[in-house]
Amino acid sequence: MSVLTKILGDPNKRFLKKLEPIVARVNELEKEIEKLSDEELKRKTTELKSHLNKGETKDNILPEAFAFVREAAKRMLGQRHFDVQLLGGIILHQGKIAEMKTGEGKTLVATLPAYLNSLNGKGVHIVTVNDYLSRRDTVWMGQIYNALGLSVGCINHDASYIYDSEHRNLDKERDITGAFHVVHEFLRPCSRKEAYAADITYGTNNEFGFDYLRDNISYSEENIVQREYNYAIVDEIDSILIDEARTPL
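In this text, residue positions in the sequence shown follow our numbering: the first is 34, and each later residue adds one.
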């Protein structure tokens with residue numbers, strides 16, 4: 034195989050080479066988008082949705098969508114997507130597996146294809162490995178989506194939430210302890226149906242899976258919490274689809 038690789042080249046590198054013009058286009062838009070006000074940046078989401086409604090494909094609007102997410106991340110988090118993260122986002126959008134090294138910012142990478150694929154209004158699921166990460170990422174990355182005018186939900190084992198930048202939730206035992214303690218800051222409790230109706234919904238594979246099963250044995254349409262399935266990103270895909278596959282729902 035090493036001989037073939039020397040002759041033909043690394044297929045992964047050849048594939049990534051084809052994506053470089055898209056990354057270059059995203060980079061070209063950066064200076065122009067930096068001039069937009071916060072309100073103008075938020076309105077760009079409505080413009081992109083309009084383009085899709087008029088027949089444009091997601092691939093056509095990908096450079097603009099990725100550039101908007103990058104700008105929102107810079108303003109809200111002080112973090113700028115690097116070229117390698119843009120490449121990872123393109124690969125995930127195409128439905129492929131992106132293997133990235135620890136520290137390359139997978140959580141930030143996911144915001145790019147999640148935003149793009151939510152623009153058709155059909156929702157995006159981001160599958161995390163535990164409830165804590167789903168809450169953390171909802172609050173952390175929710176700042177980006179909120180700046181772009183999107184809603185973000187979170188599904189946990191015993192609760193569900195909507196990201197709300199105005200929400201402050203006090204600890205239930207504050208009266209007993211006499212202390213002021215904020216828990217789940219910016220996560221406003223909501224129904225499971227409302228969390229699934231958000232543009233982007235974070236949760237674990239178990240919660241998504243069991244909600245699917247419960248919906249399919251529901252006697253009433255009103256009790257169904259999930260909606261149509263559009264696009265999903267799976268974090269730690271080897272763990273969830275291989276290791277966890279031995280304990281089926």
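Every residue gets a Cβ at the ideal spot worked out from N, C-alpha and C, and that includes glycine. Note that the coordinates shown come from a computational prediction; the quantities given were computed from them, not determined experimentally.
- Query: What's the call for E65, buried or exposed, on a 16-neighbour Cβ count within 10 Å?
  - Reply: Counting Cβ neighbours within 10 Å, E65 comes out exposed, since fewer than 16 surround it.
- Message: My output table needs one value for A278: the three-state DSSP class, helix, strand or coil.
- Response: helix
- Leaving aside the five residues before and after E97 along the sequence, list all residues of the same chain whose C-beta is less than 8 Å from its C-beta, in chain order. L62, K77, L81
- Task: Over the uninterrupted alpha helix (DSSP H) stretch that includes L220, give me the two end residues.
- Result: Counting along the chain, L220 falls outside any alpha helix (DSSP H), though it belongs to the beta strand (DSSP E) covering 220-222.
- Message: Spatial neighbours of Y165 within its chain, please: C-beta separation below 8 Å, excluding the five flanking residues on both sides.
- Response: none
- Of all the options A230, S193, T234, which has the alpha carbon lying nearest to the alpha carbon of R221? S193
- Would you identify the three-state DSSP class for S198, choosing helix, strand or coil? coil
- Task: Would you kindly work out how many angstroms separate the C-alpha atoms of R225 and I177, rounded to a whole number?
- Result: 22 Å
- Query: DSSP three-state call for I130: helix, strand or coil?
  - Reply: Three-state DSSP puts I130 in coil, outside helix and strand.
- Query: Roughly how many angstroms lie between the CA atoms of L119 and H217, to the nearest whole one?
  - Reply: Computed Cα separation, rounded: 30 Å.
- Going by beta carbon distance, what residues of the same chain come within less than 7 Å of G121, once the five residues before and after it are set aside? A131, M133, V142
- Message: Could you tell me the alpha carbon to alpha carbon distance between G128 and A230, rounded to whole angstroms?
- Response: 22 Å
- Query: Looking at the structure shown, is D158 part of a helix, part of a strand, or coil, going by DSSP?
  - Reply: This sequence places His at residue 158; Asp is not what is there. Strand, per DSSP.
- Query: Helix, strand or coil for T78 per DSSP?
  - Reply: helix
- Message: Spatial neighbours of F101 within its chain, please: C-beta separation below 7 Å, excluding the five flanking residues on both sides.
- Response: I66, L74, K77, L181
- By how many angstroms is the C-alpha of L274 removed from the C-alpha of R103? 30 Å
- Message: Would I233 and L183 be called neighbours here (beta carbons separated by less than 8 Å)?
- Response: yes
- Task: Report yes if the CB atom of I195 is closer than 8 Å to the CB atom of E240, and no otherwise.
- Result: Not in contact: I195 and E240 (Cβ atoms no closer than 8 Å).
- Task: Return the Cβ separation of G111 and C187 in integer angstroms, given the expectation that the two are a contact with Cβ distance under 8 Å.
- Result: About 23 Å separates the two Cβ atoms, so there is no contact after all.
- Alpha carbon of F243 to alpha carbon of G138, nearest angstrom: 29 Å
- Query: If you draw a straight line from the C-alpha of H190 to the C-alpha of P54, how long is it?
  - Reply: 43 Å
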